[in-house]
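Note that this note's numbering has the sequence shown beginning at 1, numbered continuously upward. The beta-carbon is built from N, C-alpha and C at its ideal position, and this holds for glycine as well.
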Amino acid sequence: MGYHTITVEIDDYVALIRLNRPDALNALNSELLGELSTALTEADANDKVRCIVITGSDKAFAAGADIKEMSQKSYVDVFEEDLFTGPTEAILRVRKPIIAAVAGYALGGGAELAMTCDFIIAADNAKFGQPEINLGVIAGIGGTQRLTRFVGKSKAMDMNLTGRFMDAEEAERSGLVSRVVPVAKLVPEAMSVARKIAEKSQIAVKAAKEAVNRSYETTLREGLQYERRLFHSLFATDDQKEGMAAFLEKREPQFRDR
Ligand code: HXC
1 MGYHTITVEI DDYVALIRLN RPDALNALNS ELLGELSTAL TEADANDKVR CIVITGSDKA
61 FAAGADIKEM SQKSYVDVFE EDLFTGPTEA ILRVRKPIIA AVAGYALGGG AELAMTCDFI
121 IAADNAKFGQ PEINLGVIAG IGGTQRLTRF VGKSKAMDMN LTGRFMDAEE AERSGLVSRV
181 VPVAKLVPEA MSVARKIAEK SQIAVKAAKE AVNRSYETTL REGLQYERRL FHSLFATDDQ
241 KEGMAAFLEK REPQFRDR
């Protein structure tokens with residue numbers, strides 16, 4: 001499918017989706033969000049894809065929602081279209097793992113998009129921020145909620161109230177990103193992490209993703225119960241037999257996703 005604001009490449013079971021509006025630092029307009037939702041839904045349904053990477057350019061992952069597109073909207077406009085909710089729901093429906101590979105600016109909706117992915121790998125030049133306060137609004141798709149769960153109340157409050165940016169080193173220290181790599185190595189590193197995930201049993205991968213994400217939605221007791229039930233259920237798979245046999249026979253497992 002021909003896209004205007006993103007590119008999609010599939011290589012070795014990994015779909016690499018690049019946000020591609022360089023003139024606007026990948027600001028998220030409705031066309032880009034629509035294309036991203038379609039690409040993610042297609043990647044989730046494609047047997048040749050086992051893990052997804054979303055990235056931007058070296059200068060910007062995404063500098064936020066498109067301010068030009070938003071500026072003249074009324075309350076009724078944004079309420080009726082429920083701005084950003086559709087694309088966010090599309091990301092959350094994807095069952096395959098999604099890695100955000102972030103270089104440069106990840107601001108406002110850009111930071112929120114990255115946080116909606118399963119985890120974030122950052123380049124050493126990454127800058128995260130929720131600067132909506134400078135526009136007379138606040139974050140609208142997780143900047144006050146997901147960020148708080150990642151980095152705690154104090155830093156989340158600081159960032160949402162002052163609009164200051166957090167660099168890659170602080171983001172790693174605070175638990176917002178899983179690792180930091182030099183900017184030139186960002187996409188190769190994210191692709192190599194994605195390929196590693198693609199080699200695992202995809203049933204176990206989906207179970208692990210669901211279980212970790214469930215920890216954000218429920219109590220510890222319910223989450224542990226959910227995890228235990230998923231753990232038990234994996235003993236019904238051939239891949240559990242294969243994985244454990246391979247360990248005991250000192251060989252690499254051959255997972256068949258069943
Ligand atoms: C539209 C944007 C944009 C944005 C940058 N551009 N960010 N256009 N929406 N969010 C455009 C600029 O207008 C400019 O276009 C070009 O990209 C390059 O940007 P510059 O500002 O010239 O670059 P620089 O000086 O390097 O500064 C980079 C920057 C700055 C610090 C990232 O661009 C910036 O502050 N951007 C806005 C960040 C922001 O407030 N994001 C939050 C948006 S609100 P021209 O045509 O002039 O060359 C949001 C709400 C989400 O995300 C909630 C949804 C429910």
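How big is the Cα-Cα spacing for SER174 and GLY152?
Looking up residue 174 in the sequence shown gives position 174. Looking up residue 152 in the sequence shown gives position 152. So the two alpha carbons sit approximately 8 Å from each other.
For ARG18, list the residues DSSP reports as bridge partners.
Stepping through the sequence shown from its first residue, residue 18 is reached at position 18. As computed with DSSP, ARG18 is found in a beta bridge with THR7 and THR55.
List the residues that DSSP assigns as beta-bridge partners of LYS127.
As a first step, residue 127 is located in the sequence shown; it is residue number 127 there, counting from the start. In DSSP, LYS127 forms a bridge with TYR105 and ASP167.
Would you mind giving the Cβ-Cβ distance between ILE133 and GLY109, rounded to the nearest angstrom? I have them listed as a contact below 8 Å.
Position 133 of the sequence shown holds residue 133. Position 109 of the sequence shown holds residue 109. Incorrect: roughly 14 Å between the Cβ atoms, too far for contact.
8 Å Cβ cutoff met for LYS50 and GLN240
On the sequence shown, position 50 is the one that residue 50 refers to. On the sequence shown, position 240 is the one that residue 240 refers to. In the sequence on display, residue 50 carries Arg and not Lys. Taking 8 Å as the Cβ cut-off, ARG50 and GLN240 do not qualify as a contacting pair.
At a threshold of 7 Å, does GLY136 count as lining the ligand HXC (C-beta to nearest heavy atom)?
Reading the sequence shown from its first residue, position 136 is the one you call residue 136. Answer for GLY136: no, Cβ out of range of the ligand HXC.
Whole-angstrom distance between ARG95 and PHE255, CA atom to CA atom
Translated into positions along the sequence shown, residue 255 becomes position 255. Translated into positions along the sequence shown, residue 95 becomes position 95. If I take the Cα positions, the gap works out to 18 Å.
Check for me: the alpha helix (DSSP H) holding PHE79 runs from which residue to which?
Residue 79 sits at position 79 when you count from the first residue of the sequence shown. Run containing PHE79: 75 to 81, per the alpha helix (DSSP H) assignment.
7 Å CB neighbourhood of ALA24 in its chain, flanking five on each side removed:
The sequence position of residue 24 within the sequence shown is 24, counting from 1. Excluding residues within five positions, the ones whose Cβ falls inside 7 Å are ASP66.
Around the Cβ of VAL181, are there at least 16 other Cβ atoms within 10 angstroms (buried) or fewer (exposed)?
Taking the first residue of the sequence shown as position 1, residue 181 is located at position 181. Burial call: buried.
With three or more C-beta pairs closer than 8 Å as the rule, is the region 38 to 46 touching the region 4 to 21?
yes
Under three-state DSSP, which class holds PHE255?
The residue labelled residue 255 in the question sits at position 255 within the sequence shown. For PHE255, the three-state secondary structure derived from DSSP is coil.
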